[in-house]
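K.L.:
My questions will all concern the structure given below.
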Amino acid sequence: MPKQPRAWQRMLSGRRLDLLDPTPMDIEIEDIAHGLAFVARWNGQTFGDFPYSVAEHSLLVETLYSRMNPNAPVKWRLAALLHDAPEYVIGDMISPVKSAVGPAYGELDDRLMAAIHIKFGLPAKLPDTIKKAIKKADRISAWLEATQIAGFAVEEANRFFGVPDPKQIDGLTIVLRAPADVRQDFTARHNTLLGQMT
């Protein structure tokens, strides 16, 4: 009998995360923050001396979500911050690759997200209205990233991501930073939001 391939990853915290059956007990925010700070969005095709990380993107999405939904409960702001958290393990696949991989990617993402949500006091599955609101903030973030650091013309970004409301993006400038700085800010923001929930 051939040996079963390994389907778990050792985290820097010492946790052993089973990708086929992840449990909240094996989720640590420090692992998420570290992983996301080193995962590049746009397959690394961005201007600057540092990659634009998923952690930095997540901070931007939470900022946009909060601007667009100023009365939203803190738990949904935390959900916005964690919207791409499974990528600390599975990486940031661009949409065409996700399509090529098929439904297995989505199933893996859903399993990890459920464990992450439960760990931090969120429902395993978000209400559809909240998912849609976070997705809207995500698309505006993509527009900002596309036009500021990924080489898209505004007209091209408008076609792919929609035209953002100028009030929602007012004053938001993407600054590429060292992964250690982004990791620290992501962890701090997570801890602030989690503390406000209790």
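Count the sequence shown with this note's numbering and you get residues 292 to 489, in order. By construction, the Cβ of each residue, glycine as well, lies at the ideal position given by its N, Cα and C atoms.
So what does residue 344 bridge to, in DSSP terms?
P.N.:
Beta-bridge pairing links residue 344 to 331.
K.L.:
Once the 5 residues before and after residue 431 are set aside, which same chain residues still bring their CB inside 7 Å of it?
P.N.:
Here the set comprises 355, 455, 459, 460.
K.L.:
According to the neighbour-count rule (16 or more other Cβ atoms, all chains shown, within 10 Å of its Cβ), is residue 280 buried or exposed?
P.N.:
The structure shown does not extend to residue 280, since the chain is modelled only from 292 to 489, so the question has no answer here.
K.L.:
Starting from the N-terminal side, write out each stretch of the beta strand (DSSP E) that is 3 residues or longer and does not extend beyond the stretch 299 to 333.
P.N.:
DSSP runs (the beta strand (DSSP E)) wholly in the stretch 299 to 333: 299 to 301, 307 to 309.
K.L.:
Cβ of residue 365 within 8 Å of Cβ of residue 484?
P.N.:
Contact flag set, yes.
K.L.:
Using the Cα positions of residue 441 and residue 382, report the straight-line distance between them to the nearest angstrom.
P.N.:
In a straight line, the C-alpha of residue 441 is about 19 Å away from that of residue 382.
K.L.:
Is there contact between the stretch 405 to 418 and the stretch 343 to 363, where contact requires at least three CB pairs shorter than 8 Å?
P.N.:
The stretch 405 to 418, when compared against the stretch 343 to 363, does not touch it at the 8 Å Cβ threshold.
K.L.:
Is the stretch 471 to 482 close to the stretch 326 to 333, with three or more CB pairs under 8 Å?
P.N.:
Touching, per the Cβ criterion.
K.L.:
Within 10 angstroms of the Cβ of residue 344, are there 16 or more other Cβ atoms? Answer buried if so, exposed if not.
P.N.:
Buried, since its Cβ has 16 or more Cβ neighbours within 10 Å.
K.L.:
Could you tell me the alpha carbon to alpha carbon distance between residue 310 and residue 299, rounded to whole angstroms?
P.N.:
If I take the Cα positions, the gap works out to 5 Å.
K.L.:
So the candidates are 305, 313, 312, 334; which of them puts its Cα closest to the Cα of residue 388?
P.N.:
Out of 305, 313, 312, 334, 334 has the C-alpha closest to the C-alpha of residue 388.
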